[in-house]
Amino acid sequence: MVGQYLEASKELEEKSQKFDSLKLRYTEKVSQLEFACSDKDVHIKLLEEGFAAHKEGIPSFVRVVLNSPDFGNVNTALQTAAI
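Residues 122 to 204 (my numbering) make up the sequence shown, in order.
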């Protein structure tokens, strides 16, 4: 009986250690993902702010060309903007 108790106790301790290890790895992975997401969010926000600031300095005819549905064909876009 004591042998069974010791064996069960040892097995429980091993499983506890495995669980703690898995929990730690999970927590670290979640933390890494949260950091990566927040880092991307910050990067996107900086790009948006940079684009907005840059867009203010672009002449209006260039904005028209950039927003033109014919932007793939620069000549057509420029002709459309000129009209």
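C-beta: ideal position from N, C-alpha, C; glycine also.
**Report entry** Nearest-angstrom Cα separation, counted from residue 151 out to residue 159
**Finding:** The C-alpha of residue 159 lies about 12 Å from the C-alpha of residue 151.
Query raised in the report: Rounded to a whole number of angstroms, what is the C-alpha to C-alpha distance between residue 135 and residue 162?
Result: Between residue 135 and residue 162, the C-alpha separation is close to 40 Å.
**Report entry** Span separating the alpha-carbon of residue 145 from that of residue 127
**Finding:** Distance from the CA atom of residue 145 to the CA atom of residue 127, rounded to whole angstroms, is 27 Å.
Report task. Give me the Cα-Cα distance between residue 164 and residue 138, rounded to the nearest whole angstrom. Result -> Each residue's Cα considered, the two are about 39 Å apart.
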